[in-house]
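Asker: One rule links them: number in my numbering = place in the sequence shown (from 1) + 1224.
Beta carbons are placed, not taken as given, at the ideal position from N, Cα and C, and that holds for glycine.
It should be emphasised that the depicted structure is a prediction, and the values quoted were computed from it without experimental measurement.
Provided herewith is a single structure, encoded as structure tokens, for subsequent inquiry.
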Amino acid sequence: MERFFLYDDTVDTKTRFVSFAGKNERFDLAIVQTDRFYGKALVLDLQSNRYAIIGSDDLQQPGYIEHIYNLNEEDANELRSFLHEIVG
């Protein structure tokens, strides 16, 4: 069977690994930045195996961080505050 690729690209990335403790939650993240996502960052939560492509517009969306990373409002606000520093 012949494989049909929709795309097969290799790109340079800048990856930051960061771990910090919030009030209730520890966050272990990998943040991947590339020109592939139109200025947004791929944010992987290494503990929960959840990830999202996040830009500043996504951080403004009510309930988005809570839903994507399965966090309560307080923990999501801590993560959102950190991500504001990363993605603008």
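(1) Which same chain residues, not among the five before or five after Phe1241, have their C-beta less than 6 Å away from its C-beta?
(2) At what residues does the alpha helix (DSSP H) containing Phe1228 begin and finish?
(3) From which residue to which residue does the alpha helix (DSSP H) around Asp1299 run?
(4) What's the C-alpha gap between Arg1250 and Tyr1262?
(5) Could you compute how far the alpha carbon of Leu1307 sits from the alpha carbon of Gly1246?
Answerer: With the structure as the only source:
(1) Here the question's residue 1241 lines up with position 17 in the sequence shown. Closer than 6 Å at Cβ, skipping near neighbours: Ala1254.
(2) Your numbering for residue 1228 matches position 4 in the sequence shown. From DSSP, Phe1228 is part of no alpha helix (DSSP H); its letter is neither H nor E.
(3) What you label residue 1299 is simply residue 75 of the sequence shown in a count that begins at 1. Element bounds for Asp1299: Glu1297 to Val1311.
(4) On the sequence shown, residue 1250 is found 26 positions in, with the first residue counted as 1. On the sequence shown, residue 1262 is found 38 positions in, with the first residue counted as 1. So the two alpha carbons sit approximately 29 Å from each other.
(5) Residue numbering aside, residue 1307 sits at position 83 when the sequence shown is read from its first letter. Residue numbering aside, residue 1246 sits at position 22 when the sequence shown is read from its first letter. If you take the alpha carbons of Leu1307 and Gly1246, they lie about 13 Å apart.
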